[in-house]
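Protein sequence lines correspond, in order, to chains A and B.
The numbering of the first sequence is numbering that gives the first Met the number 0, which starts it at 0 and goes up by one.
The numbering of the second sequence is numbering that gives the first Met the number 0, which starts it at 0 and goes up by one.
Cβ atoms here follow ideal geometry from the backbone N, Cα and C, with glycine treated the same way.
Quick caveat, the model's predicted, so the values are computed rather than measured.
Below is one structure, written out as structure tokens; the observations come after it.
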Amino acid sequence: MKPLTRHEEHVLLTILHLEDNAYLVTIKEYLEEQTSRELSFGTLYVSLKRLEKMGYIRHLVGEATSKRGGKAIKYYTVTKEGVRKLEKAREVQDSMWNGFSRLAVKLKKHHES
Amino acid sequence: MDSHAWPSNLKNIMSHNRSNLPQWGQWFLKRLLSGEDYEFFSGDLEESLHKDLERKGCLRARLRLHIRLSTIIIPILMSKLRWTVVLIANDLKITTRNIKKHRVFSLINITGLAISLAFFILLISYVKDEWSYDRFHAKASRIYMTTVEIMNNPPAAVSAPILAEPLRAEFPEIVNVVRYWCTSQAVKVGTFIQNQDVALADPGFFSLFDFPFLSGLPGKAIDAPYQVVLTEESASRIFGTVDPVGKVLSINMGNQPQDFMVRGVLERIPGNSSIQFDLLVSFDHISDIFQQEFTGGLIDTPFFHATFLELHPESNPKDLKAKFPGFVDKYYGAHFQKFEMDQSSVRLGLYRFQDFHLGPMGSQSLEGQSRPLYSWILFGIALVVLLLACSNYMNLSLGLSSLRLKEIGAKKVLGAGKIHLIRQFINESLLLSIFAVVLSSFMAVMIFPRFNQYTGKTLSIDYLINPSSACVLLGLLLLTGLISGIYPALILSRLKISDIFSGKLKLGGKNILTRSLLIFQSVLTIFMVAGSLIMIKQISYLTREDLGYDYRNVVAVPTYSFWNNDESGDRALAAFQRELEKNPEILAVAGTSGYSTPMGYSNRTDYEFQDSLVTVAHKRVDYGFLEALKIPLLQGKNFSRELSSDIEDVVIVNQALVRRFGLKDPVGKNFSEFAKDTRPGGYKYTPTIIGVIQDFHFASLHQEIGPMMLNMRPEGPYMYILVCLRPGNPASALTAMQEIWKETIPNKPFSPVFLDDTLKSQYRREQNWGWITRISTAFAVLIAGMGLFGLTALTISRRTKEIGIRRVLGANIPAVLSLISRDLIVLILIANAAAWPMIYWAASNWLQSFAYRTPLALWIFPLAGAMVLCFGMIIVCVQVMRSCLQNPANSLRNE
Numbered sequence: 000m001k002p003l004t005r006h007e008e009h010v011l012l013t014i015l016h017l018e019d020n021a022y023l024v025t026i027k028e029y030l031e032e033q034t035s036r037e038l039s040f041g042t043l044y045v046s047l048k049r050l051e052k053m054g055y056i057r058h059l060v061g062e063a064t065s066k067r068g069g070k071a072i073k074y075y076t077v078t079k080e081g082v083r084k085l086e087k088a089r090e091v092q093d094s095m096w097n098g099f100s101r102l103a104v105k106l107k108k109h110h111e112s
Numbered sequence: 000m001d002s003h004a005w006p007s008n009l010k011n012i013m014s015h016n017r018s019n020l021p022q023w024g025q026w027f028l029k030r031l032l033s034g035e036d037y038e039f040f041s042g043d044l045e046e047s048l049h050k051d052l053e054r055k056g057c058l059r060a061r062l063r064l065h066i067r068l069s070t071i072i073i074p075i076l077m078s079k080l081r082w083t084v085v086l087i088a089n090d091l092k093i094t095t096r097n098i099k100k101h102r103v104f105s106l107i108n109i110t111g112l113a114i115s116l117a118f119f120i121l122l123i124s125y126v127k128d129e130w131s132y133d134r135f136h137a138k139a140s141r142i143y144m145t146t147v148e149i150m151n152n153p154p155a156a157v158s159a160p161i162l163a164e165p166l167r168a169e170f171p172e173i174v175n176v177v178r179y180w181c182t183s184q185a186v187k188v189g190t191f192i193q194n195q196d197v198a199l200a201d202p203g204f205f206s207l208f209d210f211p212f213l214s215g216l217p218g219k220a221i222d223a224p225y226q227v228v229l230t231e232e233s234a235s236r237i238f239g240t241v242d243p244v245g246k247v248l249s250i251n252m253g254n255q256p257q258d259f260m261v262r263g264v265l266e267r268i269p270g271n272s273s274i275q276f277d278l279l280v281s282f283d284h285i286s287d288i289f290q291q292e293f294t295g296g297l298i299d300t301p302f303f304h305a306t307f308l309e310l311h312p313e314s315n316p317k318d319l320k321a322k323f324p325g326f327v328d329k330y331y332g333a334h335f336q337k338f339e340m341d342q343s344s345v346r347l348g349l350y351r352f353q354d355f356h357l358g359p360m361g362s363q364s365l366e367g368q369s370r371p372l373y374s375w376i377l378f379g380i381a382l383v384v385l386l387l388a389c390s391n392y393m394n395l396s397l398g399l400s401s402l403r404l405k406e407i408g409a410k411k412v413l414g415a416g417k418i419h420l421i422r423q424f425i426n427e428s429l430l431l432s433i434f435a436v437v438l439s440s441f442m443a444v445m446i447f448p449r450f451n452q453y454t455g456k457t458l459s460i461d462y463l464i465n466p467s468s469a470c471v472l473l474g475l476l477l478l479t480g481l482i483s484g485i486y487p488a489l490i491l492s493r494l495k496i497s498d499i500f501s502g503k504l505k506l507g508g509k510n511i512l513t514r515s516l517l518i519f520q521s522v523l524t525i526f527m528v529a530g531s532l533i534m535i536k537q538i539s540y541l542t543r544e545d546l547g548y549d550y551r552n553v554v555a556v557p558t559y560s561f562w563n564n565d566e567s568g569d570r571a572l573a574a575f576q577r578e579l580e581k582n583p584e585i586l587a588v589a590g591t592s593g594y595s596t597p598m599g600y601s602n603r604t605d606y607e608f609q610d611s612l613v614t615v616a617h618k619r620v621d622y623g624f625l626e627a628l629k630i631p632l633l634q635g636k637n638f639s640r641e642l643s644s645d646i647e648d649v650v651i652v653n654q655a656l657v658r659r660f661g662l663k664d665p666v667g668k669n670f671s672e673f674a675k676d677t678r679p680g681g682y683k684y685t686p687t688i689i690g691v692i693q694d695f696h697f698a699s700l701h702q703e704i705g706p707m708m709l710n711m712r713p714e715g716p717y718m719y720i721l722v723c724l725r726p727g728n729p730a731s732a733l734t735a736m737q738e739i740w741k742e743t744i745p746n747k748p749f750s751p752v753f754l755d756d757t758l759k760s761q762y763r764r765e766q767n768w769g770w771i772t773r774i775s776t777a778f779a780v781l782i783a784g785m786g787l788f789g790l791t792a793l794t795i796s797r798r799t800k801e802i803g804i805r806r807v808l809g810a811n812i813p814a815v816l817s818l819i820s821r822d823l824i825v826l827i828l829i830a831n832a833a834a835w836p837m838i839y840w841a842a843s844n845w846l847q848s849f850a851y852r853t854p855l856a857l858w859i860f861p862l863a864g865a866m867v868l869c870f871g872m873i874i875v876c877v878q879v880m881r882s883c884l885q886n887p888a889n890s891l892r893n894e
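Below, the structure is given as structure tokens:
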């Protein structure tokens, strides 16, 4: 299994955060807010497609509303595999970041001296 | 979210089930996404549009939507096409590397293709222009011209002014009748005095033809006399402004200047219109120009202008034409009886106006026509050049491929399929073709002015910037790419991997395809060279052919008299003869019923001779005719005032007549002795021959000199007065002539023409086409030469070692040369054998279209063959010398 990219990780976490209200527009807004970087619909669409294909997320079809021009909505939720994948990513992350602050402080002191 | 909170303008945009996305975005998304995904995705987009609308202005929100859409499409496209893109990008990289690596060969290929495509661009624009003549009128398919056959003359698209009213009255299927005539007249405004093409037309002109107005009212523009319509160009030429509506200018009408008010200005008349004029006035002014009213019947009225008819959409021109004899009988029958003439001597007909430009029907008032032959010549040239370039490409890429075998092998080992290899090679040739198209467009832009000069057209690259031409060009590009790429692609993709790496394989140079392509190229080149030699010979024969008379310094003055009762010709002649005695600048004066027969006004008589009919043309001349044109009298004597017998019963004949009737001793013979006048009725024309002159061309050189006689019977007016001037300064003599003209015939315009000029313009077109053939032959030979150069370079590079060893062992240069060029000589000899019959067939067919043609000289065949052979040998020699003069050590050392 390929590891997730940073972007994919962020998308999965966003969907978790948004709970019942995760769909393209909200995901984009949340991500842009958190990372303070512009994101295009196309990029997001492509990564959602990929994640779904890999089985980490799945979608539910919601109701159509007038502000969507009468178009139905597609909500995303994270699957069990998705959560497991995230946990694993977290583990890797944590082990990598383990003791970071201590080492960083030490290095800073070294630089200053 | 509550909809009440939205700004009011949102509610207008909002509506259920109607997408707010722009069309182009919907189009792309629909194709990129599955149906379900499209639904969700466009929904998401719309929602974010609304959010933007809440926060920002309507315009900015929309703008963001467009930007968003374009940023969406690219990643989605990339995710879909990723691998295809990667493959193509890789192909392109390899192709560009190959192009760079083999610079010379790529240059040969690209220039060859570019030149041939440039020819095609010229061809397309030329043919497009030719075939679009007069088709831009909305009613084009319903516009017909009336034609007439007078006596036995060929039909011409001319008509008589008196015919319009009866046609309109008699036939309900004729919706509109427009008479049109164009003549050159002096126009004066302030200090501006120049001859301009003044057209006269009936008021229906603007409802029949589509000539849009820049200013003025089309409906009323030429309804009344003394009103004039200008064109964009003539307006700015005459007034210096494009909007002179309401101003006054004066036009010479029958030597009487008259004031006209400008009522409108037309847009520039398209180049592909047969109707061309500077000024347009009412047709009523025809009687001012001719100083007479046109009345009477068909026999004593001149046929000179064009008559356009608009037929009812449901009427059939054939049915209409069938009614014409009855029509002539009804309106003019009595008139024919009065003159004791047969009605069938004037036959009316119809001719579709949009066929006029490429058709055989002549007309004085419209622009000159052209022959479809020229389109075919251009097509042939373009095709030959294209085939040459394609064969170059095939030969070179096959030859080069032996250097690329490793690349192909490696690809195959790595799993590239046949299809992939084929695609790569086709892509390669397509890429080259694209380069070639770009280059050829530049070439075409550069050639266009020259090409226009030779063809007399006003073409530009704009002709190609429209969908249909672009499609043709794109198709041509694909076709060229495919033709030249497909064979190498098929051959190279079929190779076995084991063969490739064993190093035994040898492609190009020796195989059958390369040889047959070389033969094919040589055949085409020999064909082009021989063809242009024959064309040049024929054209120079035509233009240098002795016309049988001296046309230099001869001025023809048209008298505008058409029928017997008009005596202005006689008056002018007498006046000029008086001047001849006083003015040393004038050497001879003669009147004639026509110095050539563009409109067929020379009379003809059919004589029965040995069970066949012989048509004899006769021209009315006067005493000075032979002297003015310096036509040699071979036997007998000239007309003279001292002649004892009745001057009206004697004729001078040409040699063609003597030959045709097989006369042994023609002088003194009467026509009744050997021929019978077939004219119905009591009168027979059987004159006595008093002299024989050398044949001279009284018609176009395209026609054969037929039997002809000169007489002095007043059977027609003097339509032209010929004046032979002293060489040097014609201006003073012309001024003197004009003075005399004004005194004797003030009501007719004085418009002298130098015979020199008319003859030159008659043959200029042929000469120009001769040039086009010459230049294109040079290009064809150049392309073939470049191909041969490339091929020899390849052969030599492959045999460098062999040549080195031979040199070391003592072979001299001629020996090496014969080694390399033996094949080529054999191939070119075979090509000669194949080309000669083709040339013979094509050339004799082409020459058939000329009555006066050079014999098909057989020496041209070996000459063309030898030229091509020499050219090929020079190319080979240069390269062999170069490789032989190298120190053999160099070529043998590198391993």
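Can you pull the chain A residues whose beta carbon is under 8 angstroms from the beta carbon of residue i, in chain order?
i	result
G24 (chain B)	Per Cβ cutoff of 8 angstroms: no residues; G24 (chain B) is ~11 angstroms from chain A at best.
L28 (chain B)	None at all; the shortest Cβ gap to chain A is about 10 angstroms.
E45 (chain B)	K66, R67, G68 and K70
N19 (chain B)	G68
E232 (chain B)	Per Cβ cutoff of 8 angstroms: no residues; E232 (chain B) is ~54 angstroms from chain A at best.
E801 (chain B)	Correct list: empty, because the minimum Cβ distance to chain A is about 57 angstroms.
E38 (chain B)	K70 and A71
Just checking my contact of residue i with residue j at CB under 8 angstroms: how many whole Å lie between their CB atoms?
i	j	result
T230 (chain B)	L265 (chain B)	5 angstroms
Q609 (chain B)	Q654 (chain B)	Q609 (chain B) to Q654 (chain B), Cβ: 19 angstroms. No contact.
T772 (chain B)	S531 (chain B)	5 angstroms
S492 (chain B)	K417 (chain B)	5 angstroms
K456 (chain B)	G270 (chain B)	7 angstroms
V666 (chain B)	V691 (chain B)	7 angstroms
I688 (chain B)	V652 (chain B)	5 angstroms
L707 (chain B)	I646 (chain B)	According to the sequence displayed, residue 707 (chain B) carries Met and not Leu. In fact, because the Cβ distance is near 18 angstroms, the residues do not count as touching under 8 angstroms.
Interface residues of chain B around residue i at Cβ under 9 angstroms?
i	result
V45 (chain A)	P74, I75, M77 and S78
A135 (chain A)	Outside the displayed range of chain A (0 to 112) lies residue 135 (chain A), so it cannot be described from this structure.
According to DSSP, residue i sits in a beta bridge with which residue or residues?
i	result
A690 (chain B)	A small fix is needed here, since residue 690 (chain B) is Gly in this sequence, not Ala. Answer is B:G635 and B:I651, bridged to G690 (chain B).
L884 (chain B)	Answer by DSSP bridge pairing: none, since L884 (chain B) is not bridged.
M95 (chain A)	In the DSSP output, where bridge partners are listed per residue, M95 (chain A) has none listed.
N194 (chain B)	B:A185
G908 (chain B)	The shown model of chain B, from 0 to 894, leaves out residue 908 (chain B), and the question about it has no answer.
V264 (chain B)	B:S214 and B:L229
L721 (chain B)	B:A555 and B:A589
P256 (chain B)	B:N251
D676 (chain B)	B:Y606
T64 (chain A)	Answer is none; T64 (chain A) lacks a bridge partner.
Residue i versus chain A: which residues are under 9 angstroms apart at the beta carbon?
i	result
S33 (chain B)	Going along chain A, no residue has its Cβ under 9 angstroms from S33 (chain B), so there is no contact; the nearest lies around 11 angstroms.
Can you list the residues of chain B that residue i reaches, using a CB-CB cut of under 8 angstroms?
i	result
V24 (chain A)	D43, E46, S47 and K50
Review point. Between the stretch 78-111 of chain B and chain A, which residues of the former have CB atoms less than 8 angstroms from a CB of the latter, in chain order?
Key: Sequence-ordered contacts of the stretch 78-111 of chain B with chain A read S78 [C-beta pairs closer than 8 angstroms].
Exercise for review: Scan the stretch 47-77 of chain B for residues whose Cβ lies nearer than 7 angstroms to a Cβ of chain A and list them as they occur along the chain.
Suggested key: Answer in chain order: S47, H49, R67, T70, I71, I72, I73, P74 and I75.
Check your understanding: If you scan the stretch 506-589 of chain B from start to end, which runs of the beta strand (DSSP E) of 3 or more residues do you find wholly inside it?
Key -> Runs of the beta strand (DSSP E) inside the stretch 506-589 of chain B: 553-557.
Check your understanding: Taking any Cβ of chain B, which residues in the stretch 27-43 of chain A have a Cβ under 7 angstroms from it, in chain order?
Key -> Hits within the stretch, in order: S39, F40, G41 and T42.
Exercise for review: Could you please tell me which residues of the stretch 62-75 of chain A, in chain order, have their CB closer than 9 angstroms to any CB of chain B?
Suggested key: Going along the stretch 62-75 of chain A in chain order, one finds A63, T64, S65, K66, R67, G68, G69, K70, A71, I72 and K73 with a Cβ nearer than 9 angstroms to chain B.
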